[in-house]
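Working notes, beginning with the structure itself.
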């Protein structure tokens, strides 16, 4: 998936009447469920600046043909002018009928980029080339869709804050075949990525008030002593936990797992975090705890205002906890 | 290359400079002089500023300028440019061809990672040096030759520093433009075919720029498809686009150089030089049968004044230009001439023209003149009377002109003529005596006569060398007639022609150029006398090939000695003629003629624009339908269409199919909600599933099943 040359900028964000006119003109429908079929009513065409420059070249050629009474000059000029027009239809046909699904993929922490997969299903036998998708913030990816096949683009969209991240209005476009016309369509997916709060950078000690029946206190988690094993790296893992030797061996990114005390159990409570951190800060701390506890293989529960997550361990618990943190305060 | 020296912080300045280099470069071959170039440059800059930079928010953006071009596209671009530059290689001065070749070679070495591209300073130096060299070579940078030279060198230099997709796109545009500069030199069918190949290649190259993994076969096939779909619209535009008669802004001064053909004077050797040329002078279609070869005298410029060596038209006495009067005795013959451009004003006409084409006028000596020099191939209709009386009442002034002789030259000839005059012979008898002299004495007809001295050329020819081509005989005969007191003049033109059996028209080549005499006889007017016929009857009766010795130089095509070759030659000329008639000669006149034949008033621009728009719309629609075959819904699998129709029917009844629901599950849900529909819907779903998702069943052919499915959907009432 090569980054391709450019992103179409958002159409004017100027005055309101213009906005309304543009909404009507570009047939904006708000968020739509996938798949979105690119019908002819939602595909737009404009010449690129190369198209305009080419028109100028054609005018010079027409003038030359008239001046010199060059019959073949007329033939060439008219052939190229017709070809320009036909290339517009080809740009249109390169998009029409595609079924676009944009789905969040993987997880993201606030401040990172959220990954979305854009799948273009081509229900017809005609192959499509260089179908690109762009986000106003600048990420542009393109793919080919073989006949009766599909192409996938990975789109990275900045996720500045936690919560649900809708990709917004994305532009599906193509400049194929000649680059003289730009065909595009707007797609606004209804699927959002869940952006987790960014975990605190400095690992705070886990809350001491373990209230498990066993009454065991969980110790510091980053004791270097009890190395349990390796697992696949996940976003949010501290860099000092990465098994660099494994990376050097070509095994990919792996994270070292440490266990403080097997079977340790903890409750992470909103009220255990100092109010001075502010709402986001408190969520960040909780996120840090959740990640560290999971890395240590602990069993933990989460208590948020209006939401309690029963103690459990493992990946599912960790994801559930992070999602609860991400969506804290938002209406589900 | 120059644009890059501008500061990147001021993008519009960069763009403007870039435009300032490219646009005049493109226009140079088509422009006559610098003021026009400045005009074009100014409007181009305004255009660039207003439309291209101002609307950057849509479409391509700045970083297009840094986007790399794939190696495949690089090679394709190089190959396309090679095809369009190749025909120019023979036309450029050798040092330029060599320079362009070296630069292209350097580019290849860069692409194969053998060499580094030149540093910017060297590029700038090469641009300046090449421009200076071209200026020194031609004395200007504008016009056809220097313009093409400049464009070729600049393209080679731009190729050498090609980096981004923008550079490559500009080069592709220039390649299209180079195609049209080739047409400035040649518009023959082979050139057209080569350039068609070039256009397909350039288009494939452009497609490659916009494809992630360009493959030669696929991009070429798509380019061919694009061009094929453009043909209907191209034809409509070609036929109906209003043709303005050129030129719009004047032609470069270098047009029409090196064209062979008749000239506006005649000296010994001027026509025999033409006999080496197989170029076509004109082609003729006769309405009726083709007249005998001996009657095919094609009249061109007429010469009155003789300075002892050179025959020239001479000025008619002021106010005395008599109207040409032709009285046809035989039924006039109608014909149509397609004359190749010769950059002079005369039109060739069969002797004697009895009616004028509308766009021509006749001089008092029956030569036809066009309103302007013939710069492009022209087509005109003529009528000729083979038996005629021309200017029976000639003016005194003209008769005096037809008797003038240079003083003190050719004493022996003068003496010969005086002898005839003093013998008291009738003019008709003088003619016969002189022709008999040519016939009986050892005169030879040759395309390769000895050179004559500078003073008494007629004496030298008549009494010493006695070897000559038609101009020698016509000149000597006219001189003798004048000396004998009979008004006479020289007529040049062509004699004969070869019927092309493939296309059923007559081809007249430059080698058939001829000169003869006309004498004025009281009561008969101007009478044609061809002294060459007396020396070499075959020349007039069978054409030049039969009359010329085998070792005299004559082009193969004219001699026609090999039957195979001449048959192939006829076929090729017939193709070339059809190409000329239908494509190249399509101009304002023929457009109006065609429109009249279609019942359209060509002068009414409203009707014409409606025709143009309607035709263009129809052709665009056709192209659109062709391009969208297999993509628009009309061509979908009919079973899918039928299934979707069923879903639509059920949706209107409140049973919307969920995106997750397959046909079987949907049918089941329908059965739960509407038991009355359970059975038909289940059958339809079954048939649909079988057609779409199951291997073909020999017992139940797919076609029958699909028909069944469509019928059931149609019949379903909800």
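Chains as they are written, first to last, in our numbering: chain A, 2 to 333; chain B, 1023 to 1740.
Cβ atoms here follow ideal geometry from the backbone N, Cα and C, with glycine treated the same way.
Can you look up residue 224/A in the DSSP assignment and give me helix, strand or coil? By one-based count along the first chain, residue 224/A stands at place 223. In this prediction, residue 224/A has a pLDDT of 43, which is less than 50 and means its spatial position is unreliable; what the coordinates show is noted afterwards. Coil.
Open item on the list: Measuring only the C-alpha atoms, how far is residue 1423/B from residue 1432/B?
Closed with: Translated into the one-based positions of the second chain, residue 1423/B becomes position 401. Translated into the one-based positions of the second chain, residue 1432/B becomes position 410. Approximately 19 Å, taken between the alpha carbons.
When we look at the beta-carbon of residue 318/A and count the other beta-carbons within 10 Å, is it buried (16 or more) or exposed? Walking along the first chain from the start, residue 318/A turns up at place 317. Flag for residue 318/A reads buried.
**Prompt:** Could you give the residue range of the alpha helix (DSSP H) that holds residue 1541/B?
**Reply:** Numbered from its first residue, the second chain carries residue 1541/B at position 519. Here residue 1541/B belongs to no alpha helix (DSSP H); instead the beta strand (DSSP E) covers 1535-1543.
| When DSSP labels each residue in this structure, what does residue 1358/B get in the three-state scheme? | Residue numbering aside, residue 1358/B sits at position 336 when the second chain is read from its first letter. Here residue 1358/B sits in strand by DSSP.
Report task. Compute the Euclidean distance between the alpha carbons of residue 268/A and residue 246/A, then round it to the nearest angstrom. Result -> Taking the first residue of the first chain as position 1, residue 268/A is located at position 267. Taking the first residue of the first chain as position 1, residue 246/A is located at position 245. One C-alpha to the other measures close to 34 Å.
With the cut-off set at 9 Å, would you say residue 122/A and residue 143/A are in Cβ contact?
Walking along the first chain from the start, residue 122/A turns up at place 121. Walking along the first chain from the start, residue 143/A turns up at place 142. Not a contact, by the Cβ cut-off of 9 Å.
Which chain A residues sit within Cβ distance under 8 Å of residue 1225/B?
-> By one-based count along the second chain, residue 1225/B stands at place 203. In chain order: 84 and 179.
Secondary structure of residue 1493/B, DSSP reduced to three states:
To locate residue 1493/B, count along the second chain from 1; it is residue 471. Reduced to three states, the DSSP call for residue 1493/B is helix.
- Can you give the Cα-Cα distance for residue 1390/B and residue 1375/B, rounded to whole angstroms? Residue mapping note: residue 1390/B aligns to position 368 of the second chain, counting from 1. Residue mapping note: residue 1375/B aligns to position 353 of the second chain, counting from 1. If I take the Cα positions, the gap works out to 9 Å.
query = How is residue 1603/B classed by DSSP in three states: helix, strand or coil?
reply = Here the question's residue 1603/B lines up with position 581 in the second chain. Residue 1603/B falls in the helix class under three-state DSSP.
**Study point:** Where residue 341/A falls: helix, strand or coil (DSSP)
**Key:** No statement about residue 341/A is possible, as the shown extent of chain A runs from 2 to 333 and does not include it.
| query | Would residue 317/A count as contacting chain B if we go by Cβ distances under 9 Å? | reply | Locating residue 317/A in the first chain gives position 316, where the first residue counts as 1. So no, residue 317/A is outside the interface.
- Alpha carbon to alpha carbon, what distance is there between residue 1435/B and residue 1483/B? Walking along the second chain from the start, residue 1483/B turns up at place 461. Walking along the second chain from the start, residue 1435/B turns up at place 413. Rounded to whole angstroms, residue 1483/B to residue 1435/B spans 10 Å at the Cα level.
Can you find a CB in chain A that lies within less than 9 Å of the CB of residue 1742/B? An answer regarding residue 1742/B cannot be provided, because it is not within the stretch 1023 to 1740 covered by chain B.
Between which two residues does the beta strand (DSSP E) containing residue 104/A stretch?
Numbered from 1 along the first chain, position 103 holds the residue referred to as residue 104/A. Residues 100-106.
Exercise. With distances taken between CB atoms, is the gap from residue 55/A to residue 1365/B smaller than 9 Å?
Worked result: The sequence position of residue 55/A within the first chain is 54, counting from 1. The sequence position of residue 1365/B within the second chain is 343, counting from 1. No, Cβ-Cβ distance for residue 55/A and residue 1365/B is not below 9 Å.
_Contiguous alpha helix (DSSP H) assignments of at least 4 residues, all confined to the region 1207-1282 of chain B_ = 1211-1231 and 1238-1262
- Task: Can you pull the chain A residues whose beta carbon is under 8 Å from the beta carbon of residue 1478/B, in chain order?
- Result: In the second chain, counting from the first residue as 1, residue 1478/B sits at position 456. Result: empty, since nearest Cβ-Cβ is about 47 Å, beyond 8 Å.
Check your understanding: With 16 other CB atoms within 10 Å as the buried threshold, where does residue 1333/B fall?
Key -> Residue 1333/B sits at position 311 when you count from the first residue of the second chain. Buried, by the Cβ-count rule.
TODO: Report the residues of the region 116-136 of chain A with a CB closer than 8 Å to any CB of chain C, ordered along the chain.
DONE: The structure shown has no chain C; the protein chains it does contain are A and B.
- Task: Output the distance between the C-alpha atoms of residue 132/A and residue 1594/B, rounded to the nearest integer angstrom.
- Result: For the purposes of this step, residue 132/A is taken as residue 131 along the first chain, with counting starting at 1. For the purposes of this step, residue 1594/B is taken as residue 572 along the second chain, with counting starting at 1. Going from the Cα of residue 132/A to the Cα of residue 1594/B covers about 48 Å.
Inter-residue spacing [alpha-carbon to alpha-carbon] between residue 1662/B and residue 98/A = For the purposes of this step, residue 1662/B is taken as residue 640 along the second chain, with counting starting at 1. For the purposes of this step, residue 98/A is taken as residue 97 along the first chain, with counting starting at 1. Approximately 14 Å, taken between the alpha carbons.
(Q) Taking its Cβ as the centre, do 16 or more other Cβ atoms sit within 10 Å of residue 1440/B, making it buried, or is it exposed? (A) Here residue 1440/B refers to the residue found at position 418 when the second chain is read from its first residue. It counts as exposed.
Practice item. Would you tell me roughly how many angstroms separate the C-alpha atoms of residue 1386/B and residue 1611/B, rounded to the nearest one? Key: Taking the first residue of the second chain as position 1, residue 1386/B is located at position 364. Taking the first residue of the second chain as position 1, residue 1611/B is located at position 589. Approximately 27 Å between the Cα atoms of the pair.
Task: Inter-residue spacing [alpha-carbon to alpha-carbon] between residue 1513/B and residue 1537/B - done: The count along the second chain starts at 1 and reaches residue 1513/B at position 491. The count along the second chain starts at 1 and reaches residue 1537/B at position 515. Each residue's Cα considered, the two are about 6 Å apart.
* Determine the direct distance from the alpha carbon of residue 176/A to that of residue 1232/B, and round the result to whole angstroms. => Counting from one through the second chain, the residue named residue 1232/B turns up at place 210. Counting from one through the first chain, the residue named residue 176/A turns up at place 175. Their backbone Cα atoms lie some 7 Å apart in a straight line.
Practice problem: Taking 9 Å as the cut-off, decide whether the C-beta atoms of residue 1617/B and residue 1630/B are in contact. | Solution: On the second chain, position 595 is the one that residue 1617/B refers to. On the second chain, position 608 is the one that residue 1630/B refers to. Taking 9 Å as the Cβ cut-off, residue 1617/B and residue 1630/B qualify as a contacting pair.
Selected residue, minimal CA-CA separation from residue 1327/B, among 1337/B, 1321/B and 1319/B:
As a position in the second chain, residue 1327/B is number 305, starting the count at 1. Cα-wise, what sits closest to residue 1327/B is 1337/B.
Q. Using the beta-carbon of each residue, which ones in chain A are nearer than 9 Å to residue 1195/B?
A. Residue mapping note: residue 1195/B aligns to position 173 of the second chain, counting from 1. Within 9 Å Cβ-Cβ: 51, 54, 55 and 58.
Worksheet item: Using DSSP with H/G/I as helix, E/B as strand and the rest coil, what is residue 1116/B?
Response: As a first step, residue 1116/B must be located in the second chain, where it is residue number 94. Three-state result, residue 1116/B: helix.
Starting from residue 62/A, follow the alpha helix (DSSP H) in both directions and report where the run begins and ends. Along the first chain, one-based indexing puts residue 62/A at 61. Counting along the chain, the alpha helix (DSSP H) containing residue 62/A begins and ends at 50-69.
**Message:** Taking a contact to mean a Cβ-Cβ separation below 9 Å, would you say residue 1353/B touches residue 1316/B in this structure?
**Reply:** Numbered from 1 along the second chain, position 331 holds the residue referred to as residue 1353/B. Numbered from 1 along the second chain, position 294 holds the residue referred to as residue 1316/B. It is not a contact, given that the beta carbons lie outside the stated cut-off.
Inspect the beta-carbon positions of residue 60/A and residue 1206/B and report whether they are closer than 9 Å. Counting from 1 along the first chain, the entry for residue 60/A is found at position 59. Counting from 1 along the second chain, the entry for residue 1206/B is found at position 184. No, the Cβ-Cβ distance between residue 60/A and residue 1206/B is not below 9 Å.
With a cut-off of 8 Å on the beta carbons, I'd call residue 200/A and residue 288/A a contact; round off their distance for me.
Start at 1 with the first residue of the first chain, and residue 200/A comes out as number 199. Start at 1 with the first residue of the first chain, and residue 288/A comes out as number 287. Indeed, because the Cβ distance is near 4 Å, the residues count as touching under 8 Å.
*asked:* Please report the distance separating the alpha-carbon of residue 1239/B from that of residue 1533/B.
replied: Indexing the second chain from 1 puts residue 1239/B at position 217. Indexing the second chain from 1 puts residue 1533/B at position 511. Their Cα atoms are separated by approximately 47 Å.
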